[in-house]
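So the sequence lines, in the order shown, correspond to chains A and B.
Residue numbering for the first sequence follows the numbering used here, beginning at 28 and increasing consecutively.
Residue numbering for the second sequence follows the numbering used here, beginning at 3 and increasing consecutively.
The beta carbon of each residue, even a glycine, is placed where N, CA and C say it ideally should be.
Quick caveat: nothing in here was measured; it's all calculated off a predicted structure.
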Amino acid sequence: MSDGTVDRLARATPTRVARKVKGLSDRAIAWLFVGPTIFLLLAINIFPLIWTINLSFTNFKANRPNRAVEYIGLRNYERILSDSDIWLSMQATAHFLFWTLFFQVLIGFALAWLINKKFRGNDMWTTIIVLPMMLSPAVVGNFWTFLYQPQIGLFNYIVAFFTGADPSSFDMLGSVDLAPWAIVIVDTWMWTPFVMLICLAGLRSIPDYIYEAAEVDRASKLRQFFTITIPMVLPFLMLAVLFRGIENFKMFDLVVQLTGGGPGSVTEMSSINLKREAFEKWRTGYSSAFAIILFVTVFGLASIYVKALNKVKER
Amino acid sequence: MSFSVTEPSSRQKWFAGTLVITYALITMIPLLWIMMTSFKTPPDSISYPPKVVYEPSLEGYVNLFTTRTRLSPEALAELPPPENFAEEIVRNRNMVIAGPSKFGGRFLNSVIIGFGSTFLSIFLGTLAAYAFSRFKIPLADDLLFFILSTRMMPPIAVAIPIFLMYRQLGLSDTHLGMILLYTAVNISLAVWLLKGFIDEIPREYEEAALIDGYTRFQAFYKVVLPQAATGIASTAIFCLIFAWNEYAFAVLLTSGTAQTAPAFIPTIIGVGGLDWPAIAAGATIFLLPVMIFTVLLRKHLLRGITFGAVRK
Numbered sequence: 028m029s030d031g032t033v034d035r036l037a038r039a040t041p042t043r044v045a046r047k048v049k050g051l052s053d054r055a056i057a058w059l060f061v062g063p064t065i066f067l068l069l070a071i072n073i074f075p076l077i078w079t080i081n082l083s084f085t086n087f088k089a090n091r092p093n094r095a096v097e098y099i100g101l102r103n104y105e106r107i108l109s110d111s112d113i114w115l116s117m118q119a120t121a122h123f124l125f126w127t128l129f130f131q132v133l134i135g136f137a138l139a140w141l142i143n144k145k146f147r148g149n150d151m152w153t154t155i156i157v158l159p160m161m162l163s164p165a166v167v168g169n170f171w172t173f174l175y176q177p178q179i180g181l182f183n184y185i186v187a188f189f190t191g192a193d194p195s196s197f198d199m200l201g202s203v204d205l206a207p208w209a210i211v212i213v214d215t216w217m218w219t220p221f222v223m224l225i226c227l228a229g230l231r232s233i234p235d236y237i238y239e240a241a242e243v244d245r246a247s248k249l250r251q252f253f254t255i256t257i258p259m260v261l262p263f264l265m266l267a268v269l270f271r272g273i274e275n276f277k278m279f280d281l282v283v284q285l286t287g288g289g290p291g292s293v294t295e296m297s298s299i300n301l302k303r304e305a306f307e308k309w310r311t312g313y314s315s316a317f318a319i320i321l322f323v324t325v326f327g328l329a330s331i332y333v334k335a336l337n338k339v340k341e342r
Numbered sequence: 003m004s005f006s007v008t009e010p011s012s013r014q015k016w017f018a019g020t021l022v023i024t025y026a027l028i029t030m031i032p033l034l035w036i037m038m039t040s041f042k043t044p045p046d047s048i049s050y051p052p053k054v055v056y057e058p059s060l061e062g063y064v065n066l067f068t069t070r071t072r073l074s075p076e077a078l079a080e081l082p083p084p085e086n087f088a089e090e091i092v093r094n095r096n097m098v099i100a101g102p103s104k105f106g107g108r109f110l111n112s113v114i115i116g117f118g119s120t121f122l123s124i125f126l127g128t129l130a131a132y133a134f135s136r137f138k139i140p141l142a143d144d145l146l147f148f149i150l151s152t153r154m155m156p157p158i159a160v161a162i163p164i165f166l167m168y169r170q171l172g173l174s175d176t177h178l179g180m181i182l183l184y185t186a187v188n189i190s191l192a193v194w195l196l197k198g199f200i201d202e203i204p205r206e207y208e209e210a211a212l213i214d215g216y217t218r219f220q221a222f223y224k225v226v227l228p229q230a231a232t233g234i235a236s237t238a239i240f241c242l243i244f245a246w247n248e249y250a251f252a253v254l255l256t257s258g259t260a261q262t263a264p265a266f267i268p269t270i271i272g273v274g275g276l277d278w279p280a281i282a283a284g285a286t287i288f289l290l291p292v293m294i295f296t297v298l299l300r301k302h303l304l305r306g307i308t309f310g311a312v313r314k
C-alpha cells in the first residue's frame, strides 16, 4: 500500500471542501466513472438474465410472438430434468470436460516445467506454442474438419503413416467412437498453451532460495519436485483448471464447427443442445429454463471449486 | 556468476529444449497447412497423398474475393482476352468473374466491430478501473465480483433474451448492436486487468498533482493515463482479439449487414463441394494479423494472460 506522508497529509486536510472548489467531489467522480460500466452490464447482462428467468416459467415461442403467453410454473424445469437428451448432452459435456482438462494439465505443466529450464531461445518457442490459443476457434475448427477428412486429410495421413493403417479406414468426425476424441484433440491442441502459461507463472514465482535451502538439507531432486515444486504450483494449476473448466463447460464454437454435435448426438454438448432448442426448434421458454440450469450449474461448481482453491492457497 | 544449485545443467537444458521445440513444431503443422492450402489449386488441395511440394497458385484467393459463373467453351472463345491474372485463372476453369464476393464486406465488419467494441471497452473500462482503484466505493469487492461473474454465463444463455431485445430495439444485425454486445462481454476483463495496472501506479503522483492545483479529471488524464499506457494497450489487444474471434453471438445475432468473418468463412462453398483453398485463403487473411500481433507484442500479451488469471 502507498500510505505515504502525502497520503496522510491529504487525508488530514478537509478534502471534500477543498476539492469541491476545484471541480466535482471525489464521490461524484467515482460514480461518474463506474456508472456507465454498471449500466452497460445491467442492460446487456443482468436484464437479459432476469428476462431469461421470467421466460423459463412460460411456454413462449419466439417464432410466434403473437401467441398468448401462458405461465406454466415449473413444468419446463420438470421436463428438462426428465429429458434423456439433456442428460446425454450433459454426459457428452462431462466427457469432453474431463479429458480436455486431463490432457491440458498434463501436457501444459510438463511444457511449463521444461521451458522453465531456461534453454536458449525459450521465449521464442513459448510464443510459437501460444499461437493456437490466440486464433478464432470457429475458423480454426472449420479447417480441422479438412485435416480430419478420411482419405485426403493430413491428420489421417500422418496417423496412417506412423501406424500403417489405411488412412481412409477411420473417420475421426464421422465415427461414433472417434468423434468425442476428435474434439478433445483439437481443444487440447488449442488450449494447452493457456495452462502452460499459468503454470509457467507459478514456477517462476517460486524463489530460488527455497531450492537452495532444500539443497543444503540434502533433499533429493525428486523430493524437491514433490515437496516444493508441485505444492507451490498447485494454486496456479487449479486456477488454470477453473478458467478452462468454465470455458469448456460453455464450449460452443469449436465443436459446432467440427462436428455440429454429431454423428447422431455423441458430441452434442449442452451449449449446442441449447442452441438447437432455442434457435432451431424455437422452444424459447423451455430453452430459457435449460439456460438457467446451466448457469446455476457453472456458478455452483465454480463456487465450490473456489472454496477448495482458497483452502489450498492457505496451506 | 558463481555456481548456483537452481541453474539446470547444460544437458538438462538441451533435453528440455529438444522436447519443447518438437512440441512447438508439431503444434504449428495445422497452421502451416492452412497457409499452404491457401496457395493450392482445388485439385491439388484434395490430392492423395497430401501434397507438400506443389506449384503455388492464387486461385484460392481469387475464388475467395469473387463470384463466378460457368460459360460454355463456345461462349468463352468469343470473349476478349483476359485483362488480368484473376480473370485468366478463372477462365482456365471455364468460368468468368461475375462480381465481388461478400468476403470483403464481412472482413470490414470484423474490423469495424472489433475496433469499435475495443475502443468502447477500454474507454469505459479505464474510467471504472480508475474509480475502483482510487476511491472508496461502497461494496467495491461485490461489484468487482459481479462484474467478473458475468463472464461465467454461456453465451447462448444470454443470446435468447438479447435476440428478443435486439429485435424490439431494431439492433439485430447492426454494427452498433454487436459493438455494444462485445463491449459488455469484454468490459469485465478490461476492468479487472486495468485495475491491476492502475494499482501499480503510485498514488503520490496524483496527490502531488492535486496539491499543485489540478482537478481530479486533470490528474487522471495528465498523470494517470500516460503512466497506464502500456497496460491500456495490452488490455486493448485482448479485447480486440476476443471481438475478432467471437463466433457464438455473431452466428446467432447477425446474418447479413453486420455478419463478421468468423461466421462467414465456414459458409464459403465452391462449385461441387467445399472450396478448401478459398476457405484456407479466408482463414489465412483472417488469422495472420493475430499471429503477427502475438509475435510482435508477446511480452505484454503473455503477461496479460497470466496476470488476468492469477490476480483473482
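Any Cβ of chain B closer than 8 Å to the Cβ of Thr120 of chain A would place that residue at the interface, and such an atom is absent.
Non-local C-beta neighbours of Tyr184 of chain A in its own chain, meaning closer than 8 Å and more than five positions away in sequence, comprise Pro194, ordered along the chain.
Apart from sequence neighbours up to five positions away, the residues of its chain that approach Ile158 of chain B with a beta-carbon distance below 8 Å are Ala250 and Leu254, ordered along the chain.
Contact fails between the segment 266-283 of chain A and the segment 233-241 of chain A, because fewer than three Cβ pairs, one in each stretch, are under 8 Å apart.
Non-local beta-carbon contacts of Ala283 of chain B in its own chain, meaning distances under 7 Å to residues more than five positions away in sequence, involve Ser40, Gly62, Tyr63 and Leu66 in chain order. Residue environment: Phe199 of chain B is assigned as buried (16 or more neighbouring CB atoms within 10 Å of its CB, all protein chains considered). Ranking B:Ile23, B:Ala230 and B:Val193 by CA distance to the CA of Asp143 of chain B puts B:Val193 first. For the segment 25-41 of chain B, the set of residues with a beta-carbon nearer than 8 Å to any beta-carbon of chain A comprises Tyr25, Ala26, Thr29, Met30, Ile31, Pro32, Leu33, Trp35, Ile36 and Thr39, in chain order. In the pairwise beta carbon analysis, the segment 172-184 of chain B is classified as not touching the segment 89-99 of chain A: fewer than three pairs are separated by under 8 Å. Residue burial is scored here from C-beta neighbours: Leu196 of chain B has at least 16 other C-beta atoms within 10 angstroms and is therefore classed as buried. Under the Cβ distance rule, Ile212 of chain A does not count among the residues neighbouring chain B, no pair being separated by less than 8 Å. The Cβ neighbour count for Val55 of chain B, taken over all protein chains shown within 10 Å, is under 16; the residue is labelled exposed.
Minimum Cα-Cα distance from Met259 of chain A among the listed residues A:Phe136, A:Asp112 and A:Met161 corresponds to A:Phe136. If you draw a straight line from the Cα of Lys53 of chain B to the Cα of Leu281 of chain A, it is about 26 Å long. Remark: three or more beta-carbon pairs, one from each stretch, lie closer than 8 Å, so the segment 240-249 of chain B and the segment 105-119 of chain B are flagged as touching.
Chain-ordered, the chain A residues with CB closer than 7 Å to the CB of Met154 of chain B read Ile273, Val325, Phe326 and Ala329.
Contacts between Leu224 of chain A and chain B, judged by CB atoms closer than 8 Å, involve Leu304, Ile307 and Thr308 in chain order. Within the same chain, Cβ atoms closer than 6 Å to the Cβ of Phe279 of chain A are found at Ser298, the five residues on either side in sequence being excluded. DSSP places Val98 of chain B inside the beta strand (DSSP E), whose first and last residues are Met97 to Pro102.
Contact annotation for Phe279 of chain A against chain B: Pro157, Ile158 and Ala250 [CB-CB distance below 7 Å, chain order].
Counting of Cβ neighbours within 10 angstroms places Glu85 of chain B among the exposed residues, the total staying below 16. Within the same chain, Ala316 come within 6 Å of Tyr104 of chain A by CB-CB distance, once the 5 residues on both sides are set aside. Here the alpha carbon of Thr259 of chain B sits roughly 37 Å from the alpha carbon of Ser202 of chain A.
Met217 of chain A is not a Cβ neighbour of Pro290 of chain A, given a cutoff of 8 Å. One Cα belongs to Ala206 of chain A, the other to Phe123 of chain A, and the distance between them is close to 11 Å.
With a threshold of 8 Å between beta carbons, Gly198 of chain B makes no contact with chain A. A contact between stretches requires three or more CB pairs, one per stretch, nearer than 8 Å, and the segment 161-169 of chain B meets this requirement with the segment 72-92 of chain A.
Residue contact with chain A for Gln229 of chain B: absent (no Cβ-Cβ distance below 8 Å to any residue of chain A). With respect to the 8 Å criterion, Ser116 of chain A and Glu304 of chain A are not classified as neighbours on the basis of their beta carbons. Beyond the five residues adjoining it in sequence on each side, Ala100 of chain B comes within less than 8 Å, by CB distance, of Thr68, Thr69, Arg70 and Thr71 in the same chain, given in chain order. Here Leu264 of chain A has Val132, Phe136, Val222, Ile225, Cys226 and Gly229 as same chain residues with Cβ atoms under 8 Å from its own Cβ, once five neighbours each way along the sequence are excluded.
If you draw a straight line from the Cα of Gly287 of chain A to the Cα of Pro45 of chain B, it is about 26 Å long. When Cβ pairs closer than 8 Å are counted between the two stretches, the segment 331-342 of chain A is seen not to touch the segment 141-153 of chain A, the count staying below three.
Counting along the chain, Thr286 of chain B sits inside the alpha helix (DSSP H) bounded by residues Trp278 to Leu298.
The beta carbons of Tyr332 of chain A and Leu269 of chain A sit about 6 Å from each other, so the pair counts as a contact at 8 Å. Per DSSP, Arg72 of chain B is not a residue of any alpha helix (DSSP H); the beta strand (DSSP E) it occupies stretches across Thr68 to Arg72.
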